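Taking our numbering, the leading residue of the sequence shown gets 458, the next gets one more, and so forth.
Beta carbons are placed, not taken as given, at the ideal position from N, Cα and C, and that holds for glycine.
Here the structure is a predicted model, which is why all the values come from computation and not from measurement.
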Amino acid sequence: NNGTIIFVGAVDEEGNATGIKNLVKKEMGIDYAVFGEPSGIKQVTIAYKGRLAINLKISVKDSSHASAPWLSKNAIQESMIFAKELRDKLESNQDDKTKGMLLTATVTEIKGGTSHNVTPKECETTFDIRIPVDMNCKTVEQKIAILVKEISQKREVEAFYSILDETEPFEAPHNSPLVRAFTLGIMDVEHSRPTLIRKTGTGDMNVLGSQWSIPVVTYGPGDPHEAHTIDEKVSIEEYLKGIEILKKTLQHLKRLHDKKMQ
């Protein structure tokens, strides 16, 4: 039995991962999974941060004419102050951590105001919070709930938040047959040991790895630091080397899998 390779093109990887979330509901009897994302051909991705996306709505008591701004609080300005304080407190006490193990809270969208000459009464802000593998979504959400209450009382504004998306952080086993097979495959082609890396983003690997509890990695040619930038590219040389590495890796994986099953 040489095994079967299944190719999956999952939609919405850059959104809320609806494709992979639908896939993991099925019983497919899969032994291993490899996700195609830039890692660099001498690196194998074994961990991704988790993600909480939240919507934060700030409301003040009244609005006023822009010519008399002292008559009321400004919801947009209050949101900016609120967002900075929330971010600073979520990101505190991390001085000794590497970037791959940092919790980060980033404002990605803001919406407020009804007219060019009226101070806004409401403002909504979207936060993208990335969670390292030594934390989980539940504990971070509990901290957010406490902080939102504290800051709203301090600033004397109404604050409500809702969860838009939630993905747990994930780190794959370092000693699985799959990681070993990639190590040997890369050594065959590149003649050097690969580096196992943690990415600061969040990927479909988080969902499948957590749900199916099978060995998984993310691998592919291309510089991961250039992803989502104007310089994102894959060289033809790396692309072709990546194919050879995958060929070698599958050969090693078959051998290691058969040995494990004996």
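- The three-state secondary structure of Ala504, taken from DSSP, is strand.
- In this structure, DSSP gives Leu513 an extended state, which the three-state scheme calls strand.
- Val646 is positioned such that its CB atom lies no closer than 8 Å to that of Thr502.
- Around the beta carbon of Pro577, a 10 Å sphere encloses 16 or more other beta carbons of the protein chains shown; the residue is thus reported as buried.
- Going by DSSP, Tyr696 is part of the alpha helix (DSSP H) stretching over Ile693 to Met718.
- Of all C-beta pairs linking the stretch 521-528 to the stretch 579-590, fewer than three are shorter than 8 Å, placing the two stretches out of contact.
- By the C-beta density criterion, Phe617 is exposed, having fewer than 16 other C-beta atoms within 10 angstroms.
- Leu560 carries a coil assignment under DSSP once its states are collapsed to helix, strand and coil.
- If you ignore the 5 residues before and after Glu683, its C-beta comes within less than 8 Å of the C-beta of Pro495, Glu689 and Lys690, all in its own chain and listed in chain order.
- With a cutoff of 8 Å on beta-carbon distance, Thr686 and Gly507 are scored as not near each other.
- Annotation: Glu613 to Pro589 spans about 32 Å, alpha carbon to alpha carbon.
- Going by C-alpha positions, Pro634 is about 6 Å away from Leu713.
- Every beta strand (DSSP E) stretch that sits fully inside the stretch 610-690 and reaches 3 residues is listed by chain position as 615-624, 652-656 and 673-676.
- Listed as beta-bridge partners of Cys580 by DSSP are Ile515 and Gly569.
- Taking every protein chain shown into account, the CB of Thr624 has 16 or more other CB atoms within 10 angstroms, so this residue is buried.
- Here Arg650 is exposed. Its C-beta has fewer than 16 other C-beta atoms within 10 Å.
- Between the alpha carbons of Leu707 and Glu471 lies a distance of about 28 Å.
- Annotation for Phe492: the continuous beta strand (DSSP E) segment containing it runs Ala490 to Gly493.
- If you draw a straight line from the Cα of Ala525 to the Cα of Gln534, it comes to about 15 Å.
- Judged by DSSP secondary structure, Ser536 falls within the alpha helix (DSSP H) whose first and last residues are Ala532 to Leu547.
- Counting only the Cα atoms, Val517 lies some 6 Å from Lys530.
- In this structure, the straight-line span from the alpha carbon of Leu653 to that of Gly497 is close to 11 Å.
- Taking a 10 Å sphere around the C-beta of Val575, we find fewer than 16 other C-beta atoms and assign the residue as exposed.
- C-alpha of Leu480 to C-alpha of Ala504: approximately 20 Å in a straight line.
- Residue pairing from DSSP places Val575 in a beta bridge opposite His522.
- For a cut-off of 8 Å, the C-beta gap from Phe584 to Val564 is around 6 Å, short enough to register as a contact.
- Judged by DSSP in its simplified three-state form, Ile463 adopts coil rather than helix or strand.
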